[in-house]
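Residue numbering for the sequence shown follows the working numbering, starting at 196 and increasing by one per position. Note that the Cβ used here is the ideal one computed from N, Cα and C, for glycine as well. What you are looking at is a predicted structure, and each value in this text was computed from that prediction instead of being measured.
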Amino acid sequence: MIYSLRRKLKGFSGVKNFYLWALRLLPVHTRYEINRKLRSPYSTLEDDKKIIYIHIPKAAGNALIKSLYGVSATGHDLLSRYKDNNESKFNLYYKFAVVRNPFDRFVSSFFYLKQGGIGFFDDDFAKKYLSGIETFEEFVLKINSDKKFEAAVMSWIHFVPQIDFLSLDGSTIGVDRVVKLEQINDSLSDLCTDLKIPLVEMKRDNASKRAAYKEYYTPELKEVVGRLYEKDLNVLQYSFEG
196 MIYSLRRKLK GFSGVKNFYL WALRLLPVHT RYEINRKLRS PYSTLEDDKK
246 IIYIHIPKAA GNALIKSLYG VSATGHDLLS RYKDNNESKF NLYYKFAVVR
296 NPFDRFVSSF FYLKQGGIGF FDDDFAKKYL SGIETFEEFV LKINSDKKFE
346 AAVMSWIHFV PQIDFLSLDG STIGVDRVVK LEQINDSLSD LCTDLKIPLV
396 EMKRDNASKR AAYKEYYTPE LKEVVGRLYE KDLNVLQYSF EG
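Put into structure tokens, the structure is as follows:
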């Protein structure tokens, strides 16, 4: 029904504009979820190449897909969305993802959104939740002191734990290959072999302007973010140091 509505809206610009206007009246989290449900997680690239790329935000997703295939990566969908949408494709396609040190990714997501992000969802989230926050320290301390704020932040796509993207049961990795961003140059050869494409050179894309992540952490901030991403740290075998 949702996909049928979307197809009909394409032919009626006035109705579509009204729909988009009405959508903007909803909370940003609700609007984002509706937008995701209006489209299939399977892109043309994935169907053509018989792949499922789990595009975790701020883990070099655009850079990797541009390096591998010369196109931009698609939306940030959890592994479960692919399975629920089309189990036959899910079982057939090769599944892979890039992950990043949670402490580093958290800093990157904050500065990316503070600097504008890409598109009106990023902008709306930043205006609602980050407009009164000037520093990374303020951001983390507010999360630690305000449970409602923590829930809003940690359910936003850029801050959702990486294991939620990669697992169907909340703890077991369900993709064929996980590449650590910190080791991506060493891992590209094996990944390209799996994908049956020539070895490529990794490009750089959408990098936020900031210092090295460790410079933003005090012992207190490290403890808070470690709590938020405890499962990521354990399952993906990361620590603050790397």
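If we count the other Cβ atoms within 10 Å of its Cβ and call it buried at 16 or more, is residue i buried or exposed?
i: Ala346; result: exposed
i: Met196; result: Annotation note: pLDDT 47 at Met196 (below 50); position unreliable, no value reported.
i: Val348; result: buried
i: Gly312; result: buried
i: Tyr198; result: Reliability fails at Tyr198, whose pLDDT of 49 lies under 50, so the model's placement of it is uncertain and the value that follows must be treated cautiously. Exposed, because fewer than 16 other Cβ atoms sit within 10 Å of the Cβ of Tyr198.
i: Thr269; result: buried
i: Asp317; result: buried
i: Gly365; result: exposed
i: Val294; result: buried
i: Arg399; result: exposed
i: Asn296; result: buried
i: Val266; result: exposed
i: Gly327; result: exposed
i: Ile247; result: buried
What is the C-beta distance between residue i and residue j, in whole angstroms, given that I count them as a contact (C-beta under 8 angstroms)?
i: Tyr411; j: Val302; result: 5 angstroms
i: Leu376; j: Ala254; result: 6 angstroms
i: Lys309; j: Ala321; result: 7 angstroms
i: Leu274; j: Gly369; result: 5 angstroms
i: His353; j: Pro252; result: 4 angstroms
i: Val420; j: Val335; result: 6 angstroms
With C-beta atoms as the reference, is residue i less than 8 angstroms away from residue j?
i: Asn286; j: Ser235; result: no
i: Tyr289; j: Asp341; result: no
i: Val374; j: Leu386; result: yes
i: Gln378; j: Asp427; result: no
i: Tyr408; j: Asp242; result: no
i: Phe331; j: Ile338; result: no
i: Ser304; j: Glu396; result: no
i: Asp272; j: Arg226; result: no
i: Leu363; j: Lys278; result: yes
i: Trp351; j: His224; result: yes
i: Lys284; j: Tyr324; result: no
Tell me, please, which residues DSSP counts as bridged to residue i.
i: Ile247; result: Lys290
Any beta strand (DSSP E) of 3 or more consecutive residues that is wholly inside the stretch 363 to 388: If we require 3 residues or more, the beta strand (DSSP E) runs fully inside the stretch 363 to 388 come out as 372 to 375.
Length-filtered (4 minimum) alpha helix (DSSP H) runs lying within the stretch 263 to 321: For the stretch 263 to 321, whole alpha helix (DSSP H) runs of length 4 or above, ordered along the chain, are 274 to 280, 282 to 287, 297 to 309.
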